[in-house]
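In the order they appear, the protein sequences are chains A and B. All residue numbers for the first sequence refer to this note's numbering, where the first residue is 225 and numbers rise by one. All residue numbers for the second sequence refer to this note's numbering, where the first residue is 225 and numbers rise by one. From the three backbone atoms N, C-alpha and C, an ideal C-beta is built for every residue, glycine too. Everything numeric in this text was worked out from a predicted model, so none of it was measured.
Number of protein chains: 2
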Amino acid sequence: MLHSDYPEQTCSIARSLEAVGERWTLLILRDVLLGTTRFDDLVESLGITRTVLARRLDHLVEEGVLERRPYQQRPERFAYTATPKGRALGGVLTALMHWGDAYYPASDGPPRLMLHRGCGGAVRQQLTCTVCAERVDGADVDAVPGPGLGGRDLHRTGV
Amino acid sequence: MLHSDYPEQTCSIARSLEAVGERWTLLILRDVLLGTTRFDDLVESLGITRTVLARRLDHLVEEGVLERRPYQQRPERFAYTATPKGRALGGVLTALMHWGDAYYPASDGPPRLMLHRGCGGAVRQQLTCTVCAERVDGADVDAVPGPGLGGRDLHRTGV
């Protein structure tokens with residue numbers, strides 16, 4: 225059985241954080257998605273100990289977020305690439321990046337830009353309704369208990 | 225000077241995680257946004273020790289993510305509400321929730337639904353181009369060094 229960090233939580237946010245919420249984990253994924261894939265390059269880019277990096281990478285491979293492949297035989301060396309499940313965390317990283325850009329701005333401007341390939345426009349995360357297709361403001365979202373909650377709703381109101 | 229968890233990182237994702245990346249922090253914010261605002265109710269909802277909760281709440285107030293106000297005088301008791309900066313993290317929580325729903329599905333369906341008020345449609349995070357206004361697939365995003373990086377780009381390619 226998997227170790228559970230938040231055992232009393234029936235919540236997809238809690239479950240996601242059990243997979244990728246540990247210190248360094250999302251920064252490792254960020255680097256891999258940006259093209260830094262080799263173990264030694266990740267050590268250098270992150271300024272992290274080899275032991276901690278190895279532990280986090282093992283966890284991400286176990287969770288199916290990253291795939292490991294050897295790129296050299298003697299001595300054996302490994303590189304890591306994101307699976308579709310790992311690439312699907314791009315939205316989490318994008319949301320964290322834009323929040324940091326907005327509330328902890330670097331003096332010279334954003335450290336990194338996300339641009340629409342071809343068009344060159346800045347890309348943003350936007351809440352969108354899957355029924356009426358409108359852009360949705362966060363204040364117009366109701367977070368309601370779903371079928372997986374089993375009637376156990378400890379919270380009093382919607383968002 | 226603020227303590228820095230990731231001192232060698234010039235990155236808005238790293239900066240954001242210094243503010244809200246600690247264990248329990250995003251789950252506390254989730255509860256507050258869902259309407260559980262009192263200290264004692266948060267203890268019960270989260271299954272967290274009072275000491276850890278108090279420490280995390282202090283940090284979130286210092287960072288300007290939550291506001292503290294007394295709701296009772298003798299004995300004095302406090303409640304917490306999200307600031308605009310805290311509400312702006314809704315996109316991060318939404319992205320984590322949808323990733324968890326997709327890759328760690330509960331047997332009965334999602335524990336929680338995010339619905340467009342009035343319309344009732346499911347709400348999704350969608351990458352959108354701010355220039356051509358099109359929906360953008362993650363594979364069509366280039367993450368390029370921005371002005372705040374100061375020319376120090378350790379990564380080799382765009383996403």
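In or out: residue i buried (at least 16 other Cβ within 10 Å) or exposed?
i      : result
B/V365 : buried
A/A243 : buried
A/D255 : buried
A/Q233 : buried
A/L240 : A small fix is needed here, since residue 240 of chain A is Ser in this sequence, not Leu. Its Cβ being crowded by 16 or more others within 10 Å, A/S240 is buried.
B/C356 : exposed
B/T318 : buried
B/P335 : buried
B/S228 : exposed
A/G342 : exposed
A/S236 : buried
A/A367 : buried
A/A402 : What is shown of chain A runs 225 to 383, which leaves residue 402 of chain A out entirely.
B/G310 : buried
B/G374 : exposed
B/G245 : buried
A/G288 : exposed
A/G344 : exposed
When DSSP builds the beta bridges, which residues end up paired with residue i?
i      : result
B/C353 : A/V347
A/P220 : Only positions 225 to 383 of chain A appear in the structure, and residue 220 of chain A is not among them; the question remains open.
A/R311 : DSSP, once it has assigned bridges, lists no residue as partnering A/R311.
B/R359 : B/T352
If you reduce the DSSP assignment to three classes, tell me which class residue i lands in.
i      : result
A/P369 : strand
B/L317 : helix
B/L284 : helix
A/R341 : coil
B/R336 : strand
A/R262 : strand
A/R279 : helix
B/E268 : helix
B/A330 : coil
A/G324 : helix
B/T234 : coil
A/R247 : coil
B/S240 : helix
A/V256 : helix
B/D229 : coil
A/G382 : For A/G382, the predicted structure reports a pLDDT of 41, less than 50, and the residue's modelled location is therefore unreliable. The matter cannot be settled from this model.
Roughly how far, in whole angstroms, is the beta-carbon of residue i from the beta-carbon of residue j, given that I think they are within contact range, below 8 Å?
i      : j      : result
B/P371 : A/G333 : 4 Å
A/T261 : A/R280 : Their Cβ separation, rounded to whole angstroms, is 14 Å, which puts A/T261 and A/R280 out of contact at 8 Å.
A/A238 : B/L251 : 6 Å
B/H340 : A/V360 : 5 Å
A/M338 : A/A346 : 7 Å
A/L277 : A/L270 : 7 Å
Task: the segment 340-351 of chain A in contact with the segment 306-319 of chain B per 3-pair CB rule at 8 Å - done: Touching, per the Cβ criterion.
Task: Stretch pair the segment 245-261 of chain A + the segment 303-310 of chain A: three plus CB contacts closer than 8 Å - done: Yes, the segment 245-261 of chain A is in contact with the segment 303-310 of chain A.
Task: the segment 288-298 of chain B / the segment 265-273 of chain B touching (three or more Cβ pairs under 8 Å) - done: Contact between the segment 288-298 of chain B and the segment 265-273 of chain B is absent: fewer than 3 CB-CB pairs across the two stretches fall below 8 Å.
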